[in-house]
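First the structure, in the form of C-alpha cells, and then the observations on it.
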Amino acid sequence: MATVRRRGGDGLRPWAFVVPALLWTVAFFCAPFVVMAAVSLWERVGTDLVASWSFVNYAKFFARPHFLEAMANSLEVTAIVTVLSILLAYPLAWILAERVPERWQRIALICAILPFWTSYVVRSYAWLLVLANNGVINQALTGIGLIDEPLSLANSRTATVIGFVHFFVMLLTLTIYANLKQLPKNYARAAADLGASRFATFVHVILPLTLPGIMVGAFLTFVLCIGDYITPQILGGNSDLVMPQLIMLQIGRRADFPTASALAILLMVVVTLVYIACARWLKLERA
Amino acid sequence: MRRAGGSGLGTAAAVVYAGAIYAFIFLPVVVLVLFSFQDGRFPVPPFRGFSLRWYEALIADRYLTAALVNSVIVALVSSAVAVTLGFLAAFGLARFRLPGAGLQKALIVAPLTVSYLIIGMGLLITFNAIGMPKSLFAAGIGHVVINMPLCFAIVFSQMGAHQANAERAARDLGAREWQVLLLITVPMMGPALFAAFFLSMTFSWDEFIISFLLTRFDVTLPVEIWSMLRSGLNPKTNAAGSLVFFISVALLLVLELAVFGRRRAR
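Chains as they are written, first to last, in this note's numbering: chain A, 7 to 293; chain B, 122 to 387.
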C-alpha cells in the first residue's frame, strides 16, 4: 500500500534505527564502566575478590609513594611530550601551508604522516632499533668517533619521550596545518598593509588565530599520551613507571582487578580535570 | 614557486627545518624496513646484504599467519558491525525528531573520550564476572565499541538535505522504509560509509591493548608481534612490522583512490 507518510505518524519506528547503537553502547561501554567502578570498591584478599565496598584501593593510591610517583611520571612525560610536539610541529605545518607550492602540499602532507600507518607496536620497536646500545645512532656516533662508549638511550624516559613525540608531531602537524589553511590570506595581507613586520603579523594575527588548532591537537595528545601503555613499556623499560604500566601490572602479575580499577578511575578523573581546565582556558582566550 | 616576501635565507631555513623533521619522522621506518632485508641475525648496522629469508621465516611461522588471519577477520567483521550500527543511528537521528536526541548523540560518541586501556579493562572485568572466556569474539566486541562512535560521527556529518529529499521522493512513490534505506540512502551515502568502514578497519587492524586484554589463544597480529618483542631485536620482527606497514599503506592507497579520487573526478 502506497501511503504518504505523515510526520506525526512515525510512532516507535524511528527508535528501531537508534536503539541497536544505544544498546551496544550501554551494554559494552556503560555497563562495563559501572562494573569497573563497583569492583574498584572491592578488595583482593588472597586470591579472592571480596565485595567490601570500601575506598581502601583509593586510599592505597595516596599512601603508597610508588603509586603517586607513577601519576607524577605520567603527568610529567605527557606535559613534556605535548609541549615538545607543538614546538616541533608548528613550524612544519607553517612551512607546508605557506612555503610549499599548492599542488605539492597534499603529497608533502601525506608523506609527513606516512609512518602513522605503521602499527603502533611496531613503531615503538623501530625506535628501539634506532636507540639501542648497538643501534643506528650509537653506531653512527661511534663510527665518526664522537663517542667511545655507547650512550644508553633505550629503556629510559628520554626514549619514551622520543617515541611519543614522533607520533604526536605527525598528529599535531595535521591539526595545525588544517587550521592554517582555513585562515583567509587577506588577514596576513591586511596586517602587512598596516605596516606590521612578518614577525609581528605572525605573533599578533596568525598565532592567535591558530590557537584553536593547537589546543585541539594538544588535548588529543594529552589524552592519548597519558593513557598509552605500549610506548612507555617498550621504550621506557621498567623504571619510572607511568600509570598505564602500573595498571597493567595490577592486572597481569597480580590479577588485582580492584586496585587496577581504582587506578584507572583516578586516571580518568585527572584527564577530566585537565579537560575542564582546558575548556575554561579556551573560552577565556576567545572572550 | 616562492612567495614575494620569502627571502633566500628564510627559504633555506625552511628547507633545512622541514628536512630535519622529515628525517626524524622517517628514520625509524626506514631502519625498520631496511633491516627487515638484513642478511644476518641482527637488525642493526652494518647492513650485511639483501635477503628475503626473514620474510620466508614469517610465512613459515604458523602462529604469525594465524594471527594475521585473526586480525583480518576481526577487522572486517567488527568494522562491518560498527558501520551498520553507526549508519542506522545516524539515519535515525538525522531524519527523525527523537526526544533526547542530544543526549543520545552524546552517549553514542562517549567512548571516543575514554582511553582504549580503560574500555578494554572494563570489558575484561565484566566478561570475567559473567564467566565469558577470553576470545577473538570478545576483542571484536571491544573493536566495535571504539569504532562505532567514529562511524556514527562520519556518517552523521555527511547526512544532508538533498538525500532527505530523495528519500521523501522515494517514499511518495511508494517505496517502503527498508527500500528507501537500501536503495536510496546507502548508495547516496556510499563514500561516507566506505570511508567509515576503511577507517574502522585500519584502527581495528592496529589496535593492541583491547586485543591483548581480551584474547588468549586466538590473538591478533599486533599481540603476536608484541610477544615476538620478548626475543629482543630480531630481523624477523622487522619483517613482520614492515609487512604490517606495507598492508596499511596499501589500504590507505585504496581509500585515497576510491574516495578522494572519486570526489576529485566529480
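Beta carbons: idealized from backbone N, C-alpha and C, even for Gly.
Identify every residue that forms a DSSP beta bridge with residue i.
| i | result |
| --- | --- |
| GLU49(A) | VAL56(A) |
| GLN159(B) | PHE171(B) |
Can you name the residues of chain A whose CB is closer than 8 Å to the CB of residue i?
| i | result |
| --- | --- |
| MET309(B) | Those do not exist, as MET309(B) stays about 16 Å from chain A at its closest Cβ, beyond 8 Å. |
| GLY213(B) | PRO20, TRP21, ALA22, PHE23, VAL24 |
| SER369(B) | TRP123, THR124, SER125 |
| VAL365(B) | THR124, SER125, VAL128 |
When you compare each of the options to residue i by their alpha carbons, which one comes out closest?
| i | options | result |
| --- | --- | --- |
| GLY233(A) | ILE331(B), SER363(B), GLY362(B), PRO343(B) | ILE331(B) |
| THR31(A) | LEU148(B), GLY243(B), PHE168(B), LEU189(B) | GLY243(B) |
| CYS284(A) | MET274(A), MET221(A), GLY243(A), PRO250(A) | MET221(A) |
| ASP154(A) | ILE143(A), PHE23(A), PRO107(A) | ILE143(A) |
| LEU247(A) | LYS187(A), ASN79(A), VAL106(A), PRO121(A) | ASN79(A) |
| PRO149(B) | GLU75(A), TRP123(A), ILE116(A) | TRP123(A) |
| THR181(A) | PRO26(A), PRO97(A), LEU81(A), GLN145(A) | PRO97(A) |
| LEU302(B) | GLY295(B), LEU314(B), GLU288(B) | GLU288(B) |
| LYS106(A) | ASP293(B), PHE171(B), TYR138(B) | Sequence inspection shows Val at residue 106(A); the Lys mentioned does not correspond to that position. Answer by Cα proximity: TYR138(B). |
| ALA146(A) | PRO166(B), ALA210(B), PHE329(B) | PRO166(B) |
| CYS272(B) | PHE248(B), LYS226(B), ALA259(B), ALA282(B) | LYS226(B) |
| ALA187(B) | LEU373(B), PRO356(B), LEU334(B), LEU257(B) | LEU257(B) |
| THR265(A) | VAL277(A), HIS172(A), VAL56(A), PRO20(A) | VAL56(A) |
| HIS283(B) | GLU298(B), MET310(B), HIS264(B), ALA196(B) | MET310(B) |
| ALA250(B) | GLY141(A), VAL41(A), ILE240(A) | VAL41(A) |
| ARG337(B) | ASP182(B), VAL365(B), ALA259(B) | ALA259(B) |
| ALA374(A) | ALA184(A), SER267(A), PHE205(A) | No information on residue 374(A) is available, as it lies outside the stretch 7 to 293 that chain A covers here. |
| PHE208(B) | ALA22(A), LEU18(A), SER267(A) | ALA22(A) |
| PRO214(A) | ILE150(A), ALA194(A), PRO38(A) | ALA194(A) |
| LEU226(A) | PHE61(A), ARG204(A), LEU47(A), TYR281(A) | TYR281(A) |
| ILE101(A) | GLU298(B), PRO343(B), THR132(B) | THR132(B) |
| ALA135(B) | ALA99(A), LEU81(A), GLY169(A), THR88(A) | ALA99(A) |
| LYS187(A) | ALA43(A), HIS210(A), ALA197(A), ARG112(A) | ARG112(A) |
The alpha helix (DSSP H) with residue i in it runs from where to where?
| i | result |
| --- | --- |
| LEU185(B) | 183 to 216 |
| TYR131(A) | 126 to 137 |
| THR247(B) | 237 to 250 |
| LEU233(B) | Element bounds for LEU233(B): n/a, residue is neither H nor E. |
| ALA206(A) | 204 to 207 |
| PHE329(B) | Segment: none, PHE329(B) is in no alpha helix (DSSP H) and carries neither H nor E. |
| TRP123(A) | From DSSP, TRP123(A) is part of no alpha helix (DSSP H); its letter is neither H nor E. |
| VAL369(B) | The residue asked about is misnamed: residue 369(B) is Ser in this sequence, not Val. Start and end: 356 to 376. |
| PHE23(A) | 21 to 31 |
| ASP199(A) | 191 to 199 |
| TYR335(A) | Nothing about residue 335(A) can be read from this structure; chain A reaches only from 7 to 293. |
| PRO343(B) | 342 to 349 |
| TYR183(A) | 163 to 188 |
| SER278(B) | 257 to 279 |
| HIS283(B) | 282 to 293 |
| ILE257(A) | 249 to 258 |
| PRO218(A) | 213 to 232 |
Return the Cβ separation of residue i and residue j in integer angstroms, given the expectation that the two are a contact with Cβ distance under 8 Å.
| i | j | result |
| --- | --- | --- |
| LEU252(A) | PHE34(A) | Wrong, their Cβ atoms sit about 25 Å apart, outside the cutoff. |
| MET280(B) | ALA203(B) | Not a contact, Cβ separation roughly 17 Å. |
| GLY261(B) | SER199(B) | 5 Å |
| VAL394(B) | PRO220(B) | The first residue shown for chain B is 122 and the last is 387, placing residue 394(B) beyond what the model contains. |
| ILE346(B) | SER91(A) | Rounded, the Cβ-Cβ distance is 25 Å, inconsistent with contact. |
| THR179(A) | THR237(A) | Contact flag wrong, Cβ pair sits at about 19 Å. |
| ALA118(A) | TYR143(B) | 7 Å |
| LEU245(B) | LEU314(B) | Contact doesn't hold; Cβ gap of about 31 Å is too wide. |
| LEU269(A) | PHE67(A) | 7 Å |
| LEU228(B) | TYR131(A) | Not a contact, Cβ separation roughly 37 Å. |
| SER369(B) | THR323(B) | 6 Å |
| ARG129(A) | GLY242(A) | Between GLY242(A) and ARG129(A) the Cβ distance is about 14 Å, and since that is not below 8 Å, they are no contact. |
I want to verify the contact list: residues of chain B whose CB lies under 9 Å from the CB of residue i, in sequence order.
| i | result |
| --- | --- |
| MET274(A) | VAL235, SER236, ILE239 |
| PHE228(A) | Neighbours of PHE228(A) on chain B: none; closest Cβ ~11 Å, over 9 Å. |
| MET77(A) | Residues of chain B passing the Cβ test: none, with the nearest at roughly 15 Å. |
| ASN140(A) | PHE163, VAL165, PRO166, LEU354 |
| PHE73(A) | Those do not exist, as PHE73(A) stays about 17 Å from chain B at its closest Cβ, beyond 9 Å. |
| PRO250(A) | SER236, LEU238, ILE330 |
Find the residues of chain B that neighbour residue i, judging by a C-beta separation of less than 7 Å, and give them in chain order.
| i | result |
| --- | --- |
| ALA30(A) | In the sequence on display, residue 30(A) carries Trp and not Ala. Ordered by position in chain B, the residues that pass the 7 Å Cβ test against TRP30(A) are LEU206, VAL265, MET269. |
| TYR131(A) | LEU350, THR358, GLY362 |
| LEU94(A) | ILE142 |
| VAL136(A) | LEU148, PRO149, VAL152 |
Show which residues of chain A have a CB atom less than 9 Å away from the CB atom of residue i.
| i | result |
| --- | --- |
| PRO312(B) | Residues of chain A passing the Cβ test: none, with the nearest at roughly 18 Å. |
| SER200(B) | None at all; the shortest Cβ gap to chain A is about 14 Å. |
Which residues of chain B have a Cβ atom closer than 8 Å to the Cβ of residue i, listed in chain order?
| i | result |
| --- | --- |
| HIS172(A) | PHE145, ILE146, PRO149 |
| TYR126(A) | ASP327, PHE329, PRO343 |
| LEU98(A) | TYR138, ALA139, ILE142 |
Please list, in chain order, the chain A residues whose beta carbon lies closer than 7 Å to that of residue i.
| i | result |
| --- | --- |
| ALA250(B) | VAL41 |
| GLY243(B) | PRO38, PHE39, VAL41, MET42 |
Using a Cβ cut-off of 9 Å, pull out every chain C residue sitting near residue i, in sequence order please.
| i | result |
| --- | --- |
| MET176(A) | Judged by its chain identifiers, the structure shown contains no chain C, and its protein chains are A and B. |
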